[in-house]
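Notes follow the structure.
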Amino acid sequence: MTSIHRIPTGHVELGMFVSEQTPNLEQSGLNSRGLISRKETLAKLKASGIAEIYIDTNRGKASSYSEPVQSANVAQKPELSLAEEWQRADKVYGEARSLVGNIVKDVKMGKAIEVGPVEELADEMCNSVLANANALLCLSQIREKDQYLLEHSINVGILMGVFCRYLGYEREQLHQAVTGAILHDVGKIRVPYHILNKEGKLTDDEWVEMRNHVLYGEEVLLKSEGISDIALSICAQHHEKVAGGGYPRGIDHAQITTYGKLASIVDIYDAITAERCYKKGKSPFETMRILSSLAGDSLDKALVYQFIRCMSVYPVGTLVQLSNGRLGVVVQPHDRQPDRPQVKTFFNLKLRQYEADRIVDLSNLELGIKIVKAHDAEALKIKVRDYISL
Ligand SMILES: [Fe+2]
Numbered sequence: 007m008t009s010i011h012r013i014p015t016g017h018v019e020l021g022m023f024v025s026e027q028t029p030n031l032e033q034s035g036l037n038s039r040g041l042i043s044r045k046e047t048l049a050k051l052k053a054s055g056i057a058e059i060y061i062d063t064n065r066g067k068a069s070s071y072s073e074p075v076q077s078a079n080v081a082q083k084p085e086l087s088l089a090e091e092w093q094r095a096d097k098v099y100g101e102a103r104s105l106v107g108n109i110v111k112d113v114k115m116g117k118a119i120e121v122g123p124v125e126e127l128a129d130e131m132c133n134s135v136l137a138n139a140n141a142l143l144c145l146s147q148i149r150e151k152d153q154y155l156l157e158h159s160i161n162v163g164i165l166m167g168v169f170c171r172y173l174g175y176e177r178e179q180l181h182q183a184v185t186g187a188i189l190h191d192v193g194k195i196r197v198p199y200h201i202l203n204k205e206g207k208l209t210d211d212e213w214v215e216m217r218n219h220v221l222y223g224e225e226v227l228l229k230s231e232g233i234s235d236i237a238l239s240i241c242a243q244h245h246e247k248v249a250g251g252g253y254p255r256g257i258d259h260a261q262i263t264t265y266g267k268l269a270s271i272v273d274i275y276d277a278i279t280a281e282r283c284y285k286k287g288k289s290p291f292e293t294m295r296i297l298s299s300l301a302g303d304s305l306d307k308a309l310v311y312q313f314i315r316c317m318s319v320y321p322v323g324t325l326v327q328l329s330n331g332r333l334g335v336v337v338q339p340h341d342r343q344p345d346r347p348q349v350k351t352f353f354n355l356k357l358r359q360y361e362a363d364r365i366v367d368l369s370n371l372e373l374g375i376k377i378v379k380a381h382d383a384e385a386l387k388i389k390v391r392d393y394i395s396l
């Protein structure tokens with residue numbers, strides 16, 4: 007049983023121990039995590055604007071308001087292998103495509119969204135992510151260029167699920183966050199196509215219209231019965247910046263919810279890695295570098311670093327060249343050694359020929375094999391999907 011519990015900040019008391027796993031603690035102005043022994047510290051924490059903190063009940067007082075946090079920040083062992091989960095994940099992804107496709111049609115016709123089916127989809131995504139997060143995560147890397155909005159919505163949902171699971175959120179929060187992430191850009195459906203897909207720079211007027219997608223999205227969600235506050239905050243805040251200056255409201259870290267902060271990270275990650283009609287997608291490795299450069303200004307610093315740890319340096323589905331001259335696909339990241347995942351090799355670069363698939367565990371140092379570099383699968387005309395599903 008975990009000793010880490012989530013508690014609303016308003017119920018924190020003297021004698022509790024603030025865990026280092028608390029997201030966003032630095033914004034409270036506290037210098038360190040630990041036992042709350044002074045009234046001033048308690049007052050500072052309560053005035054910080056942080057909605058909830060994690061306490062460690064092994065090291066301090068417990069509370070009746072708290073909920074246990076399962077395995078926060080610990081890379082959980084998957085319940086099923088990637089191959090076992092693949093089929094279900096593939097089905098969920100297919101269902102997601104058709105459901106989001108229908109939402110696009112409905113919103114175009116001015117209809118409200120039926121939240122029920124989106125919640126069911128979010129539930130199935132949660133099941134898959136909890137069984138083996140890498141299956142859906144890998145599917146999210148395989149995209150078709152012309153279906154950006156549809157695929158982006160699904161992928162942000164998947165990334166949100168994977169990230170919240172990593173942070174140790176309970177099932178209900180995970181579910182609401184995934185629902186909100188699937189719907190975060192729903193307002194873009196109301197933005198004219200020529201603005202949404204414009205290759206060149208947007209004019210000032212076009213930019214105003216583009217930014218309006220957040221307000222349009224909120225409008226659509228508010229009309230939709232049963233939408234949660236978590237989902238709404240994800241839609242409303244995914245373009246806000248922790249230092250202020252984002253849109254539509256220009257609020258800063260104190261007013262942006264943790265869910266809003268998580269959403270802006272996964273949204274930017276997916277947008278940068280995506281291939282668009284007017285730009286090439288960047289590698290996950292390069293994208294992590296860009297996210298780090300945005301940390302503290304646009305994005306919450308602590309959460310960005312958590313996300314980088316969660317996704318690993320070479321996420322599942324990355325095509326890599328190994329020091330033994332083989333080409334392979336990352337199939338399982340390592341919990342503690344992000345540069346030493348399991349790789350399925352299938353091509354001999356020296357002989358320029360395919361060979362039987364083989365799983366190489368780079369964390370086995372006796373093999374003496376490491377990753378030399380990551381490759382662009384599309385440029386090499388390699389279908390990563392073919393090597394993941396078996
Ligand atoms: Fe957006």
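Residue numbers 7 to 396, in the working numbering, belong to the letters of the sequence shown in order. For glycine and all other residues, C-beta sits at the position ideal for the given N, C-alpha and C.
- Query: Which first and last residues belong to the alpha helix (DSSP H) in which Leu180 is found?
  - Reply: It spans Arg177 to Ile188 - the alpha helix (DSSP H) in which Leu180 sits, taken as one unbroken run.
- Run the proximity test for Asp363: is its beta-carbon closer than 6 Å to any non-hydrogen atom belonging to ligand 1? Closer than 6 Å to some heavy atom of ligand 1: that does not describe the Cβ of Asp363.
- What is the DSSP secondary structure of Asn79, reduced to helix, strand or coil? Bear in mind that the predicted position of Asn79 carries a pLDDT of just 44, short of 50, making it too unreliable to give a figure here.
- Message: Using the three-state DSSP reduction, which class does Thr293 fall into: helix, strand or coil?
- Response: Reduced to three states, the DSSP call for Thr293 is helix.
- Query: What is the C-beta distance between Val366 and Leu328, in whole angstroms, given that I count them as a contact (C-beta under 8 Å)?
  - Reply: With 8 Å as the limit, Val366 and Leu328 qualify as a contact, their Cβ atoms being about 7 Å apart.
- Query: What whole-angstrom Cβ distance do Val24 and Ile61 have, given they're in contact under 8 Å?
  - Reply: At roughly 6 Å, the Cβ-Cβ gap stays under 8 Å, so Val24 and Ile61 are in contact.
- Item | Ile296 classed as buried or exposed, judged by whether at least 16 other C-beta atoms fall within 10 angstroms | Counting Cβ neighbours within 10 Å, Ile296 comes out exposed, since fewer than 16 surround it.
- Message: Rounded to whole angstroms, what is the Cα-Cα separation between Thr63 and Ser69?
- Response: So the two alpha carbons sit approximately 8 Å from each other.
- Query: Do Val2 and Gly334 have their C-beta atoms within less than 7 Å of each other?
  - Reply: The requested residue 2 does not occur in the structure, where the chain is confined to residues 7 to 396.
- Query: Taking just the CA atoms, how far does Ala139 sit from His181?
  - Reply: In this structure, the CA atom of His181 is about 14 Å from the CA atom of Ala139.
- Simplified DSSP state of Tyr393, which is helix, strand or coil: Correct three-state label for Tyr393: helix.
- Query: Applying the criterion that 16 or more other CB atoms from any shown protein chain within 10 Å of the CB defines a buried residue, is Ala78 buried or exposed?
  - Reply: A caution first: Ala78 carries a pLDDT of 44, below 50, which makes its placement in the model unreliable, though a value can still be read off. Ala78 is classed as buried because its beta carbon has at least 16 other beta carbons within 10 Å across all chains shown.
- Message: Rounded to whole angstroms, what is the Cα-Cα separation between Ala242 and Ile10?
- Response: Ala242 and Ile10: Cα-Cα distance of roughly 30 Å.
- Task: Please name the residue, chosen from Leu221, Gly251 and Gly250, that lies closest to Ser239 on a Cα-to-Cα basis.
- Result: It is Leu221 whose Cα lies nearest to the Cα of Ser239.
- Reduced DSSP category for Leu368 - H, G, I as helix; E, B as strand; rest coil: Coil, per DSSP.
- Item | Bridge-paired residues (DSSP) for Leu328 | Leu328 pairs with Ile377.
- Item | Any non-hydrogen atom of ligand 1 closer than 6 Å to Asp191 Cβ | Yes, the beta carbon of Asp191 sits closer than 6 Å to at least one heavy atom of ligand 1.
- Message: Quick check on DSSP: helix, strand or coil for Tyr462?
- Response: Residue 462 is absent from the structure shown; the chain starts at 7 and stops at 396.
- Tell me whether His200 is buried or exposed, calling it buried when 16 or more other Cβ atoms sit within 10 Å of its Cβ. Per the 10 Å Cβ criterion, exposed.
- Task: Flag this pair as yes or no: are the beta carbons of Pro339 and Ser318 separated by less than 7 Å?
- Result: Yes; because the gap between Cβ atoms is below 7 Å, this pair is in contact.
- Out of Lys207, Ala53, Ala249 and Val184, which has the shortest C-alpha to C-alpha gap to Ser134? When only C-alpha atoms are compared, the closest one is Val184.
- Message: Between Val106 and Ile233, how many whole angstroms is the CB-CB distance? I'm expecting something under 8 Å.
- Response: Their Cβ separation, rounded to whole angstroms, is 16 Å, which puts Val106 and Ile233 out of contact at 8 Å.
- Query: Should Met7 go down as buried or exposed, given a rule of 16 or more other Cβ atoms within 10 Å for buried?
  - Reply: Caution is warranted here: a pLDDT of 49 is assigned to Met7, below 50, making its placement in the model unreliable, and the coordinate value is therefore given only provisionally. Under this definition Met7 is an exposed residue.
- DSSP on Gln338, reduced to helix/strand/coil? In this structure, Gln338 counts as strand in the three-state DSSP scheme.
- Item | Local conformation of Gln312 per DSSP, three classes | Look at Gln312 here: in three-state DSSP terms it is helix.
- Item | Proximity to Thr279 [Cα-Cα], best of Tyr99, Val378, Ile375 and Met294 | Nearest option by C-alpha distance: Met294.
- Report, in whole angstroms, the separation of the C-beta atoms of Lys67 and Glu19, which I expect to be a contact under 8 Å. Taking C-beta atoms under 8 Å as the contact rule, Lys67 and Glu19 qualify, at a distance of about 6 Å.
- Does the region 88–101 come close enough to the region 168–177 that 3 or more CB-CB pairs lie under 8 Å? Output reads no: the region 88–101 does not touch the region 168–177.
- Cβ-based burial, Asp392 [other Cβ within 10 Å; buried from 16]: Classification of Asp392: exposed, given that the 10 Å Cβ count is below 16.
- Beta-bridge partners of Gln348, as assigned by DSSP: Per DSSP, Gln338 and Asp367.
- Query: Skipping 5 residues on each side, what residues in its chain have a beta carbon closer than 6 Å to that of Val80?
  - Reply: Residue placement at Val80 is poorly supported in this model, since its pLDDT is 41, which falls under 50; the coordinates still yield a value, given next. Hits under 6 Å: none found.
- Pairwise C-alpha distance: Arg315 and Thr344: The sequence given here places Pro at residue 344; Thr does not occur at that position. One C-alpha to the other measures close to 8 Å.
- Item | Bridge-paired residues (DSSP) for Asn354 | For Asn354, DSSP records a beta bridge to Arg332 and Gln359.
- When we look at the beta-carbon of Leu143 and count the other beta-carbons within 10 Å, is it buried (16 or more) or exposed? That one is buried.
- Does Asp392 get closer than 7 Å to chain D when you measure Cβ to Cβ? Included in the structure is just one protein chain, with no chain D present.
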